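For what it's worth, the UniProt record's numbering labels the leading residue of the sequence shown as 1, then goes sequentially. Backbone N, C-alpha and C define an ideal beta-carbon position, used for all residues, glycine too. Note that this is a predicted model, so its numbers are computed, not measured. Data first, discussion second: the structure below is written as C-alpha cells.
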Amino acid sequence: MPQEQKSPLLLVASTAVVGLIIGAAGGYYLGYDRGWESAVAEATPQEAVNPYAEVQTNPLENVKTNPYSDVKVNPFD
Numbered sequence: 001m002p003q004e005q006k007s008p009l010l011l012v013a014s015t016a017v018v019g020l021i022i023g024a025a026g027g028y029y030l031g032y033d034r035g036w037e038s039a040v041a042e043a044t045p046q047e048a049v050n051p052y053a054e055v056q057t058n059p060l061e062n063v064k065t066n067p068y069s070d071v072k073v074n075p076f077d
C-alpha cells in the first residue's frame, strides 16, 4: 500500500496557525500583567495625595459668560 503524500502547503499553513496561537497566548500572558501593574502603581501615589484635586463641581465655574443666561424658555412669549 502506498502512503499518501501530504502537501507541503498544508504543513506550512498548519505550522503558521499553531505558531500564531502560541505567540498570541504568550504575548498576552507576558504583556498584560506588566501593563496593568505599572498603571496601578502610577495611579496609587497620585490618589494618595488628594483624590479630589481635579474634581470640578460646577462646569461653568470659571466661565466669564453664561451661555444659558438669555435662553428663551417659553417659545410663545
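Asked	Found
For Tyr32 and Lys64, the rounded distance between their alpha carbons	46 Å
Ser7 to Leu30 span [Cα, whole Å]	35 Å
Pro67 to Val40 span [Cα, whole Å]	39 Å
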